[in-house]
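Novice:
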Amino acid sequence: MRRHALFIGLFVFVAAARFAILFASQTHVHSDEAIIGLMGKHILEGRHFPFYMYGQPYNAGAAWEAYVASVAFALFGVGVVPLKGCIVVLSLLCLFLFYRMGCALYDQRTALFATVAFALTPSLLKWHFQVRGYSWYFLSIPVLTLLFASIESTTVSKRRKLLLFGLASGLSIWCLELAVPLVAELWLLLILRRRISFSSAPAVLIGFLLGYAPVIVFNLIYRFSNWRYVVIERPGGGFSALLQLSNWRRIFLDEMPKFFGPDTVLWYYAEKPAAGYVFYAIALFALGVGIWPFVKSPGRILRAVRGDLPDSRQKSDFDMVVLTAASFVPYLSQAPGVPSYFLGACFFLSMLTGRMLERGFSSSMPLPRLGAAAALAAILVTGIFVHIRIGQTNQIETLSLCEDRRTYCMTRIASADIDGIHRDLNQRNVTSVWTTISFVYPLLFESGETLAVSNEIFETPYRVYPEDMPWREPKRNREAAFVVETDAPIRPLVEVRCEQVFGSPPLARQYGKLTVITNR
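Numbered according to my numbering, the sequence shown spans residues 65 to 584.
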């Protein structure tokens, strides 16, 4: 225990910070979070037991989060804080597993530096509270890597470890299909290093089939809907766009500085935060330090692939680099890039950052030590500053109709604006609400489903409830209310429509970026 005293201190500090942020600035939900919250509520009530997220033939991680949330709801009641509190607890478990992963790949000192970088990286900050099915994906990364390191460290792999590795691989892909490139890379490395052979392959395959069997059964029952979506129907431009130089410039000069900042919840905003440039530079330098020995001596690449490098830490460097590349594959399939598709790389880049810091501080030369001190100071100062800023900003990030009325843009809605909407609806005893697509499920969840909410008047109805779940349609009369974004291009049309429904000019009350329109 005393050997890990510094990590324990770091863990307690991070836990306190995350729970402080939870209570201070995570009091409302966006649409995806609200849907998973409603799933948890329905599980608690025994109304439905989902396999995937409502409205999707994929992302079982969202369903798993809903099952965990149902336990929190049973203990603390249905609400935003119990829902997001589950994700905070899972994020702390992930932090512990990441530290163990660092100890298995390198040493305790490197693991501690890497854990500091991992805990403070802005890219993952908001994801420690996001209820979107990614928490189990994040947990699967250190679990898979720990099992990989355990198998790789022995010349004769035990069948029990291979069975567990196969089981974890199947469960990870069931959880979130983003894990496919990572799992494939780990399997390939074990095969090339002869840790998976013809004699041991049955054990790992049996484990995989056990973990992935529920998905196979689901696809057989529901006409291969999951596989059809993942292979054929999944949105994105594919990899053909990579042949254009402009797309590489977009990724590395425009998107990556944004990715390493704190705004990675859904799509990118236009601005590039300074914190993003700081962590982008550190990640590039750490990646360069990890790659440099193999650039200087290309023969080491083949030896690293075979796993017979004399320096085990250098072999781990190689593994972190190729796993970062594997995590980049899903991101490259989308144009423009989706930030969440590259989040897996944060684990391996943080590990490389810890390795870079350890090498710098262990050097006998003053320049590497000074560089490591500067990098660590930048991580601490920038990371803590971003944490404080996020803790002081209570808002949700969601989609709003753009000025062209055809596409959606990212927008931020302050908590005070949402609170104003809820107070207004409660004071007037409103039970029927017509709103835009981004606020249907947040209003449903945060009202405990006491409101009947729909977006049908404005656009194609966004209904994700299963067919066996009843759906309450709002009334189309003078008792209904309309909730729209204040600057939404459709607001004038809404007011005209309200006057037609109410038979008199409507009353609009503005709460920051949101407006309630009623007949009284």
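For every residue, glycine included, the Cβ atom is placed at its ideal position computed from N, Cα and C.
1) Could you pull out every unbroken beta strand (DSSP E) segment of at least 3 residues lying fully inside the region 307 to 375, listed in chain order?
2) Which one or two residues does DSSP pair with M474 in a beta bridge?
3) At what residues does the beta strand (DSSP E) containing S518 begin and finish?
4) Do you know whose CA, among K577, D481, A79 and I260, lies nearest E216's CA?
5) With DSSP as the reference, label V402 as helix, strand or coil.
6) Which same chain residues, not among the five before or five after L210, have their C-beta less than 8 Å away from its C-beta?
7) Indicate whether S32 and M420 have their beta-carbon atoms separated by less than 9 Å.
8) Compare the Cα-Cα distances from P326 to each of S264, L284, K190 and L396 and report the closest residue.
9) Secondary structure at R561, three-state DSSP: helix, strand or coil?
10) For P525, collect the residues of the same chain with a Cβ closer than 7 Å to its Cβ; drop the 5 residues on either side in sequence, then sort them by chain order.
11) Please return the same chain residues whose Cβ sits closer than 6 Å to the Cβ of I100, not counting the five positions on each side in sequence.
12) With 16 as the cutoff for other CB atoms within 10 Å, does F193 come out buried or exposed?
13) Smallest Cα separation from V548: which of K539, N541, R573 and G354?
14) Leaving out the 5 sequence neighbours to the left and right, which residues in its chain are closer than 7 Å to Y122 when beta-carbon positions are compared?
15) Buried or exposed: where does A544 fall if 16 or more other Cβ atoms within 10 Å of its Cβ makes it buried?
16) Using only the alpha-carbon positions, how far apart do F343 and F202 sit?
17) Identify whether W498 lies in helix, strand or coil by the three-state DSSP scheme.
18) Where does L431 fall in DSSP's three states?
19) Note the first and the last residue of the continuous alpha helix (DSSP H) segment covering I554.
20) Which first and last residues belong to the beta strand (DSSP E) in which V580 is found?
21) Can you list, in chain order, the residues of its chain whose CB lies under 7 Å from that of I270, leaving out five sequence neighbours each side?
22) Just reading off the beta strand (DSSP E) that L571 is part of, what are its end residues?
23) Classify V547 as helix, strand or coil using the three-state DSSP reduction.
24) If you reduce the DSSP assignment to three classes, tell me which class N283 lands in.
25) Quick one: what's got a C-beta closer than 8 Å to P206's C-beta in the same chain, skipping five residues either side?
26) In chain order, what residues of the same chain lie with their CB nearer than 6 Å to the CB of A133, ignoring the 5 residues before and after it?
27) Run through DSSP, which three-state label would P538 get?
28) Roughly how many whole angstroms lie between the Cα atoms of Y529 and A124?
29) If you compare alpha carbons, which of A368, G424 and I581 is closest to L489?
30) Measure the C-alpha to C-alpha separation of V385 and R377 and round it to an integer number of angstroms.
31) Measuring alpha carbon to alpha carbon, tell me which of Y575, F382, P337 and S204 ends up nearest W356.
32) Which ranges does the alpha helix (DSSP H) cover as unbroken runs of at least 4 residues, wholly within the region 209 to 240, from first to last along the chain?
33) Have a look at V393, G455, W535 and V558 and flag the residue whose alpha-carbon is nearest the alpha-carbon of W498.
34) Helix, strand or coil for I521? Go by DSSP, reduced to three states.
35) Taking 7 Å as the limit between beta carbons, can you name the residues of its chain near G119, skipping five residues before and five after?
36) Using three-state DSSP, classify P530 as helix, strand or coil.
Specialist: Walking through what the data contain:
1) Listed in chain order, the beta strand (DSSP E) runs fully inside the region 307 to 375 amount to none, counting runs of at least 3 residues.
2) According to DSSP, which records beta bridges pairwise, M474 is partnered with L463.
3) For S518, the enclosing beta strand (DSSP E) has its first and last residue at A516 to S518.
4) For E216, the nearest C-alpha among the options comes from I260.
5) Coil, per DSSP.
6) The residues are L161, R164, M165 and A168.
7) Outside the displayed span of the chain (65 to 584) sits residue 32, for which this structure offers no information.
8) That would be K190, whose Cα lies nearest to the Cα of P326.
9) Note: R561 maps to helix in three-state DSSP.
10) Sequence-distant partners of P525 (beyond 5 residues in either direction) whose C-beta falls short of 7 Å from its own C-beta, in its chain, are S518 and N519.
11) Apart from sequence neighbours up to five positions away, the residues of its chain that approach I100 with a beta-carbon distance below 6 Å are A126, E129, A130 and V195, ordered along the chain.
12) When all chains shown are included, F193 counts as buried.
13) Comparing C-alpha distances from V548 to each of K539, N541, R573 and G354 shows the shortest one belongs to R573.
14) So the qualifying residues of the chain are Y116, E241, N290, Y293 and V294.
15) Buried.
16) About 20 Å.
17) Looking at W498 - three-state DSSP - the assignment turns out to be strand.
18) L431 falls in the helix class under three-state DSSP.
19) Counting along the chain, I554 falls outside any alpha helix (DSSP H), and DSSP gives it neither H nor E.
20) That run of the beta strand (DSSP E) goes L578 to T582.
21) Cβ within range, chain order: L227 and G230.
22) First-last of the beta strand (DSSP E) with L571: L571 to Y575.
23) V547 falls in the strand class under three-state DSSP.
24) Helix.
25) Cβ neighbours of P206 beyond the five flanking positions: C158, L161, F162, R164, M165 and F411.
26) Taken in chain order, the residues that qualify are G104, L147 and C150.
27) Correct three-state label for P538: coil.
28) Cα-Cα distance, rounded: 16 Å.
29) Out of A368, G424 and I581, I581 has the C-alpha closest to the C-alpha of L489.
30) Taking the straight line from one Cα to the other gives about 12 Å.
31) Residue F382 is the option with its Cα nearest to W356.
32) Counting only runs of 4 or more, we get 223 to 239.
33) If you compare the alpha carbons of V393, G455, W535 and V558 with that of W498, the shortest gap goes to V558.
34) Correct three-state label for I521: coil.
35) Cβ neighbours of G119 beyond the five flanking positions: V528.
36) P530 falls in the coil class under three-state DSSP.
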